[in-house]
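*Asks:*
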Amino acid sequence: MPPGDDSSTRKSTHILVALVENKPGVLNRVASLFRRRSFNIESLTVGHTESPDISRMTIVVDTSKTSAALVEKNLNKLINVIDVQDVTHAPIVVRDLALIKVTAPAERRAEIMQLVDIFRAKIVDVYAESVIVEVTGPEAKIDSMVELLHPFGIIEMVRTGRVAMVRGSGYRAPYVLSDNGTNGLRVNPTPNL
Amino acid sequence: MRRTGAQMVWEILRREGVQIIFGYPGGAILPIYDALVDYPIHHVLVRHEENAALAADGYARATGRVGVCMATSGPGAMNLVTGLACAMLDSSPVVAITGQVTSHLVGSDAFQEIDVTGVTLPITKHNYLVNRVEELPRVMKEAFYIARSGRPGPVLIDICKDAQMASTGFEYPETIELPGYRPVLRGPEEQIRQAAAYINAAERPMILAGHGIILSGANDELRELAERGNIPVSTTLLGIGGLPESHPLNLRMMGMHGQAYANMAIQEADLLIALGMRFDDRVTGNLKSYAPRAEVIHVDIDPVEIGKNVRADVGIVGDAKQVLRQILPFIEPRYRSAWFAQIERWRGDAGARDILNQGLLKDMLLAPYVIHEIWRGTGGDITVVSDVGQNQMWEAQYFQHDRQNQLITSGGLGTMGFAVPAAIGTKFGRPDDEVWAVVGDGGFQMSIPELATVVQEKLPLKIAVINNGCLGMVRQWQELLHDRRYSEIRIAGPDLVKLADAYGIKGQRVRRPDDVAEAIRVARQCPGPVLTEFVVEPEINVFPMVQPGKGLHEMWRRPMPSRNMAMAEKV
Ligand SMILES: Cc1ncc(C[n+]2csc(CCOP(=O)(O)OP(=O)(O)O)c2C)c(N)n1
Ligand SMILES: [Mg+2]
Chain A
0 MPPGDDSSTR KSTHILVALV ENKPGVLNRV ASLFRRRSFN IESLTVGHTE SPDISRMTIV
60 VDTSKTSAAL VEKNLNKLIN VIDVQDVTHA PIVVRDLALI KVTAPAERRA EIMQLVDIFR
120 AKIVDVYAES VIVEVTGPEA KIDSMVELLH PFGIIEMVRT GRVAMVRGSG YRAPYVLSDN
180 GTNGLRVNPT PNL
Chain B
0 MRRTGAQMVW EILRREGVQI IFGYPGGAIL PIYDALVDYP IHHVLVRHEE NAALAADGYA
60 RATGRVGVCM ATSGPGAMNL VTGLACAMLD SSPVVAITGQ VTSHLVGSDA FQEIDVTGVT
120 LPITKHNYLV NRVEELPRVM KEAFYIARSG RPGPVLIDIC KDAQMASTGF EYPETIELPG
180 YRPVLRGPEE QIRQAAAYIN AAERPMILAG HGIILSGAND ELRELAERGN IPVSTTLLGI
240 GGLPESHPLN LRMMGMHGQA YANMAIQEAD LLIALGMRFD DRVTGNLKSY APRAEVIHVD
300 IDPVEIGKNV RADVGIVGDA KQVLRQILPF IEPRYRSAWF AQIERWRGDA GARDILNQGL
360 LKDMLLAPYV IHEIWRGTGG DITVVSDVGQ NQMWEAQYFQ HDRQNQLITS GGLGTMGFAV
420 PAAIGTKFGR PDDEVWAVVG DGGFQMSIPE LATVVQEKLP LKIAVINNGC LGMVRQWQEL
480 LHDRRYSEIR IAGPDLVKLA DAYGIKGQRV RRPDDVAEAI RVARQCPGPV LTEFVVEPEI
540 NVFPMVQPGK GLHEMWRRPM PSRNMAMAEK V
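Which chain is which? The protein sequence lines are A and B, in order. In terms of numbering that gives the first Met the number 0, the first sequence is residues 0 to 192. In terms of numbering that gives the first Met the number 0, the second sequence is residues 0 to 570.
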């Protein structure tokens with residue numbers, strides 16, 4: 000019996016949040032793991048957290064449920080990874096940020112400004128023939144902003160990839176216990192020497 | 000207490016209880032070798048760094064303690080790679096220490112500078128680059144802990160030369176802070192009870208015992224489970240030695256070259272109790288048709304293994320010994336007589352098909368016979384270290400392993416050239432044991448330089464070279480799967496008796512079945528190392544065999560006697 004049935008082999012987007020030790024080479028270990036196990040990542044962001052020793056990664060993968068569980072377990076296995084949770088089905092805030100450089104001749108600027116207003120975006124740089132628009136929000140919002148700006152002529156664009164955080168006062172989503180077939184991995188806080 | 004980094008290395012090794020290390024010096028590790036002069040640790044100078052890693056691996060498997068190897072930067076560290084990969088795939092606790100160029104030169108392509116932590120990242124459980132002496136004690140403490148705990152594995156520490164030379168106050172930390180590393184040893188009660196309920200309800204259960212039994216020392220618990228529940232056991236290659244093979248419940252090895260009846264029993268089982276094994280493809284054959292009627296209890300210390308290849312109905316993350324101890328009180332006795340009767344029917348004519356029972360032996364020297372005679376001649380009371388290829392499979396089949404953890408072999412990586420260096424490590428780990436290396440003529444030619452190490456260290460190893468004049472296992476695949484299009488399988492070799500003589504070792508050659516027993520007796524009586532060459536029939540195959548891509552039940556059985564006779568006439 001190979002693992003997984005239909006429901007667990009269908010692909011969908013999974014968002015994983017990983018807390019990792021802030022040490023040289025950790026990003027390499029994570030990236031190397033993805034390559035090694037042929038996990039295709041859509042986006043990966045790394046940044047500081049409230050604690051200087053800990054960095055936070057938000058990893059978006061388009062994959063089956065079984066394979067997402069495998070990603071999670073493999074990440075957990077890295078010594079420098081402190082915690083991983085799949086927050087896909089938790090109540091979360093997800094944000095992406097884009098900088099979009101658009102052609103903006105004087106006569107079309109007003110139109111662009113209007114769009115920027117509607118999307119509660121910002122113009123962060125103005126030049127003779129172009130402007131840079133900064134927009135943050137969930138992915139879909141940015142997608143439509145990009146679509147609407149397209150006719151003006153997008154000169155270049157950069158997106159950060161998604162970052163995510165669980166709503167409420169705790170770090171962990173209360174009911175997103177791992178359903179990956181293992182049992183509470185996080186129960187032994189101190190190594191037994 | 001001020002110490003240089005180099006001195007700290009030896010201080011720490013001593014505190015970790017290390018008495019022996021395997022290594023090879025060079026420029027970037029000179030300070031450490033310099034400091035060695037003042038410390039009472041036995042350093043074994045190998046002839047190639049790969050063998051330092053393989054010897055450390057062998058030592059680790061023989062003792063259950065961490066094996067340590069050492070090499071210089073660049074070429075030295077690169078030569079360790081195969082041995083580390085071998086330890087990685089077989090979860091063997093090894094610590095490798097390599098010298099690195101001075102820290103300000105790292106990244107500049109300096110002389111003998113290689114990104115060693117980069118290269119070894121996927122073949123170590125964890126690795127470290129140390130460029131400040133202050134980090135060394137913590138790093139080494141962590142390295143030993145990581146190597147031996149949880150699912151064991153190799154850890155590499157790459158130490159910059161300036162960090163070896165710098166000195167600072169030395170204090171070895173008492174505790175470890177690894178927030179991201181917390182191996183789970185005990186299974187949760189709910190799953191334990193669930194597993195026990197599955198076991199008690201099963202009519203056709205099978206225990207699949209892997210390396211985890213040996214690594215966690217769960218031999219007694221495994222036996223207890225099998226006996227109390229009356230459950231047949233089959234082992235993986237690395238699980239051999241987990242339960243005596245003469246035990247009536249032991250069906251012996253499963254998988255590609257496993258016993259036909261063990262494989263059939265797996266295919267028909269209604270419950271697989273997998274203990275410290277990882278459903279490797281060499282064990283399962285085609286997953287689509289694997290154990291179609293079985294529910295699966297999977298116990299492993301590595302959560303990644305559970306559900307990786309085979310879906311687990313009950314997955315328990317934990318140490319095999321602990322989890323078994325938790326399960327045992329719930330196990331109820333059962334007869335399961337229909338199940339055992341069925342297994343006996345499958346066993347059926349297995350004995351008759353055995354090549355040793357077919358009267359072929361008059362003049363032909365068969366490798367299986369040689370292995371069987373080594374078993375008989377030594378009373379089975381030895382540690383065997385086998386290499387890779389046909390010799391390894393025949394060793395697994397024709398040596399009856401009754402002593403605990405008596406076989407040491409390379410499973411996951413299938414590292415040719417493993418046996419001789421690993422036997423060196425094994426002999427240091429089990430000095431009172433008679434240690435035999437069983438190795439093919441191909442694998443042996445990868446290890447010849449280590450004969451000098453054997454001599455220099457005065458190790459009374461018994462080396463049995465199974466010389467079939469070819470890369471036998473490759474030849475077998477070419478014969479059976481590539482339509483006999485033989486390609487690069489004939490391998491010539493030196494006169495091994497003269498070779499032994501050149502190294503100052505006793506050498507002997509055996510060509511006839513009648514001389515085998517005597518040669519084994521002579522080898523055992525000689526106080527020093529002995530190299531015995533068995534010149535065997537080149538064209539016999541290892542059976543049973545499950546072709547790659549086929550299900551376990553579709554294995555080729557051992558041919559019936561008439562076919563063997565026909566083949567014998569041809570060769
Ligand atoms: C380092 C390495 N290279 C190649 C192989 C592939 N391989 C597996 S078995 C084998 C033949 C081994 O020949 P020999 O050592 O003579 O043993 P035999 O099969 O003849 O007993 C080869 C080449 C391997 N396992 N390891
Ligand atoms: Mg050979």
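Even glycine gets a Cβ: it sits at the ideal position worked out from N, Cα and C.
Suppose contacts are defined by Cβ-Cβ distances below 7 Å. Is residue 77 of chain B in contact with residue 96 of chain B by that definition?
*Replies:* Counting from 1 along the second sequence, the entry for residue 77 of chain B is found at position 78. Counting from 1 along the second sequence, the entry for residue 96 of chain B is found at position 97. For residue 77 of chain B and residue 96 of chain B, no; Cβs fall outside 7 Å.
*Asks:* Counting only the same chain and skipping the five closest in sequence on each side, list residues whose C-beta sits under 6 Å from that of residue 8 of chain A.
*Replies:* One-based indexing of the first sequence puts residue 8 of chain A at position 9. So the qualifying residues of the chain are 63.
*Asks:* Distance, Cα to Cα, residue 482 of chain B vs residue 476 of chain B?
*Replies:* For the purposes of this step, residue 482 of chain B is identified with residue 483 of the second sequence, where counting begins at 1. For the purposes of this step, residue 476 of chain B is identified with residue 477 of the second sequence, where counting begins at 1. Roughly 9 Å between the two C-alpha positions.
*Asks:* Please say whether residue 129 of chain B and residue 138 of chain B have beta carbons closer to each other than 7 Å?
*Replies:* Start at 1 with the first residue of the second sequence, and residue 138 of chain B comes out as number 139. Start at 1 with the first residue of the second sequence, and residue 129 of chain B comes out as number 130. In contact: residue 138 of chain B and residue 129 of chain B (Cβ atoms closer than 7 Å).
*Asks:* Give me the Cα-Cα distance between residue 224 of chain B and residue 326 of chain B, rounded to the nearest whole angstrom.
*Replies:* As a working mapping, residue 224 of chain B is identified with position 225 in the second sequence. As a working mapping, residue 326 of chain B is identified with position 327 in the second sequence. When rounded, the distance between both Cα atoms is 9 Å.
*Asks:* Three or more C-beta pairs under 8 Å: does that hold for the stretch 22–35 of chain B against the stretch 45–52 of chain B?
*Replies:* With a cut-off of 8 Å, the stretch 45–52 of chain B and the stretch 22–35 of chain B count as touching, because enough Cβ pairs lie within range.
*Asks:* What are the start and end residues of each continuous alpha helix (DSSP H) run of 4 or more residues lying completely inside the stretch 79–145 of chain B, in chain order?
*Replies:* Segments of the alpha helix (DSSP H) lying fully in the stretch 79–145 of chain B: 115–119.
*Asks:* Provide the residue(s) that pair with residue 505 of chain B in DSSP beta bridges, ordered along the chain.
*Replies:* Taking the second sequence and counting its residues from 1, the one referred to as residue 505 of chain B is at position 506. Partner(s): B:529.
*Asks:* Considering only the alpha carbon of each residue, which of A:102, A:98, A:12, A:79 lies closest to residue 68 of chain A?
*Replies:* If you number the first sequence from 1, residue 68 of chain A lands on position 69. Comparing Cα positions, the closest option is A:12.
*Asks:* Does any C-beta atom of chain B lie closer than 7 Å to the C-beta of residue 35 of chain A?
*Replies:* Here residue 35 of chain A refers to the residue found at position 36 when the first sequence is read from its first residue. Residue 35 of chain A counts as touching chain B.
*Asks:* Within a Cβ cutoff of 6 Å, which residues of the same chain sit near residue 485 of chain B, ignoring the five residues on either side of it in sequence?
*Replies:* Residue numbering aside, residue 485 of chain B sits at position 486 when the second sequence is read from its first letter. Result list for residue 485 of chain B: 477, in chain order.
*Asks:* To test your reading of the DSSP string, which unbroken beta strand (DSSP E) runs of 3 or more residues are found completely within the stretch 405–469 of chain B?
*Replies:* List check, beta strand (DSSP E) in window: 406–408, 434–439, 461–466.
*Asks:* Compute the Euclidean distance between the alpha carbons of residue 160 of chain B and residue 208 of chain B, then round it to the nearest angstrom.
*Replies:* Working through the second sequence from its first residue, we reach residue 160 of chain B at position 161. Working through the second sequence from its first residue, we reach residue 208 of chain B at position 209. In a straight line, the C-alpha of residue 160 of chain B is about 45 Å away from that of residue 208 of chain B.
*Asks:* Indicate, with yes or no, if ligand 1 has a heavy atom lying under 6 Å from the CB of residue 415 of chain B.
*Replies:* In the second sequence, the residue the question calls residue 415 of chain B occupies position 416. Residue 415 of chain B: yes, Cβ under 6 Å from ligand 1.
*Asks:* Quick one: does the C-beta of residue 387 of chain B sit closer than 6 Å to a heavy atom of ligand 1?
*Replies:* To locate residue 387 of chain B, count along the second sequence from 1; it is residue 388. Within the cutoff, so yes.
*Asks:* Around the C-beta of residue 556 of chain B, are 16 or more other C-beta atoms found within 10 angstroms, so that it is buried, or is it exposed?
*Replies:* Numbered from 1 along the second sequence, position 557 holds the residue referred to as residue 556 of chain B. Looking at its Cβ environment, which holds fewer than 16 other Cβ atoms inside 10 Å, residue 556 of chain B is exposed.
*Asks:* Mind checking which residues open and close the beta strand (DSSP E) that includes residue 21 of chain B?
*Replies:* For the purposes of this step, residue 21 of chain B is taken as residue 22 along the second sequence, with counting starting at 1. 19–22 is the span of the beta strand (DSSP E), which, as asked, contains residue 21 of chain B.
*Asks:* Taking residue 492 of chain B as the reference, give the member of B:480, B:468, B:407, B:246 with the closest Cα.
*Replies:* As a first step, residue 492 of chain B is located in the second sequence; it is residue number 493 there, counting from the start. Residue 492 of chain B has its Cα closest to that of B:468, out of B:480, B:468, B:407, B:246.
*Asks:* Quick one: does residue 172 of chain B have its CB under 7 Å from some CB of chain A?
*Replies:* If you number the second sequence from 1, residue 172 of chain B lands on position 173. Judged by the 7 Å Cβ criterion, residue 172 of chain B is not in contact with chain A.
*Asks:* Which chain A residues sit within Cβ distance under 8 Å of residue 496 of chain B?
*Replies:* For the purposes of this step, residue 496 of chain B is taken as residue 497 along the second sequence, with counting starting at 1. What residue 496 of chain B touches in chain A: nothing, since even the nearest Cβ is about 46 Å away.
*Asks:* Cβ of residue 540 of chain B within 6 Å of any heavy atom in ligand 2?
*Replies:* On the second sequence, residue 540 of chain B is found 541 positions in, with the first residue counted as 1. Every heavy atom of ligand 2 is 6 Å or more from the Cβ of residue 540 of chain B, so no.
*Asks:* I'd like to know whether the C-beta atoms of residue 370 of chain B and residue 398 of chain B end up nearer to each other than 7 Å.
*Replies:* For this step, residue 370 of chain B is matched to residue 371 along the second sequence. For this step, residue 398 of chain B is matched to residue 399 along the second sequence. It is a contact, given that the beta carbons lie within the stated cut-off.
*Asks:* Does any residue of chain B have a CB that is nearer than 7 Å to the CB of residue 140 of chain A?
*Replies:* One-based indexing of the first sequence puts residue 140 of chain A at position 141. Judged by the 7 Å Cβ criterion, residue 140 of chain A is not in contact with chain B.
*Asks:* For residue 24 of chain A, go through chain B and note every residue whose CB falls closer than 8 Å to its CB, in chain order.
*Replies:* Position 25 of the first sequence, counted from the start, is the residue given in the question as residue 24 of chain A. What residue 24 of chain A touches in chain B: 116, 128.
*Asks:* What does residue 121 of chain A reach in chain B if we use C-beta pairs closer than 8 Å?
*Replies:* As a working note, residue 121 of chain A is residue 122 in the first sequence. The premise fails here: residue 121 of chain A is roughly 38 Å from chain B at the closest Cβ pair, so nothing lies under 8 Å.
*Asks:* Are there three or more Cβ pairs, one per stretch, closer than 8 Å when the stretch 255–265 of chain B is compared with the stretch 138–155 of chain B?
*Replies:* Not touching, per the Cβ criterion.
*Asks:* Name, please, each residue of chain B whose Cβ falls closer than 7 Å to the Cβ of residue 80 of chain A.
*Replies:* The residue you call residue 80 of chain A lines up with position 81 of the first sequence. Ordered by position in chain B, the residues that pass the 7 Å Cβ test against residue 80 of chain A are 179.
*Asks:* Measuring only between beta-carbons, confirm whether residue 54 of chain A sits less than 7 Å from chain B.
*Replies:* Numbered from 1 along the first sequence, position 55 holds the residue referred to as residue 54 of chain A. Judged by the 7 Å Cβ criterion, residue 54 of chain A is not in contact with chain B.
*Asks:* At a CB-CB cut-off below 7 Å, which residues of chain B make contact with residue 193 of chain A?
*Replies:* Because chain A in this structure spans residues 0 to 192, residue 193 of chain A falls outside the shown range and cannot be described.
*Asks:* Could you tell me the boundaries of the alpha helix (DSSP H) in which residue 283 of chain B lies?
*Replies:* Taking the second sequence and counting its residues from 1, the one referred to as residue 283 of chain B is at position 284. Element bounds for residue 283 of chain B: 280–283.
*Asks:* Spell out whether any CB of chain B is found under 7 Å from the CB atom of residue 64 of chain A.
*Replies:* Numbered from its first residue, the first sequence carries residue 64 of chain A at position 65. Closer than 7 Å: no.
*Asks:* Below 8 Å on C-beta distance, what does residue 120 of chain B contact in chain C?
*Replies:* In the structure shown, chain C cannot be found, because the protein chains are A and B.
*Asks:* Helix, strand or coil for residue 377 of chain B per DSSP?
*Replies:* The residue labelled residue 377 of chain B in the question sits at position 378 within the second sequence. In this structure, residue 377 of chain B counts as coil in the three-state DSSP scheme.
*Asks:* Looking at chain A, which residues of the stretch 181–208 of chain B have a Cβ within less than 9 Å of any of its Cβ atoms?
*Replies:* Against chain A - using a Cβ distance shorter than 9 Å - the residues of the stretch 181–208 of chain B are 181, 182, 183, 184, 185, 186, 187, 189, 190.
*Asks:* Would you mind telling me which residues of chain A sit closer than 8 Å to residue 160 of chain B, beta carbon to beta carbon, in chain order?
*Replies:* Reading the second sequence from its first residue, position 161 is the one you call residue 160 of chain B. Under the 8 Å cutoff, chain A gives no residues; its nearest Cβ is about 19 Å from residue 160 of chain B.
*Asks:* Count the other CB atoms, across all protein chains shown, that sit within 10 Å of the CB of residue 34 of chain A; report buried if there are 16 or more and exposed otherwise.
*Replies:* As a position in the first sequence, residue 34 of chain A is number 35, starting the count at 1. Answer is exposed; the Cβ neighbour count stays below 16.
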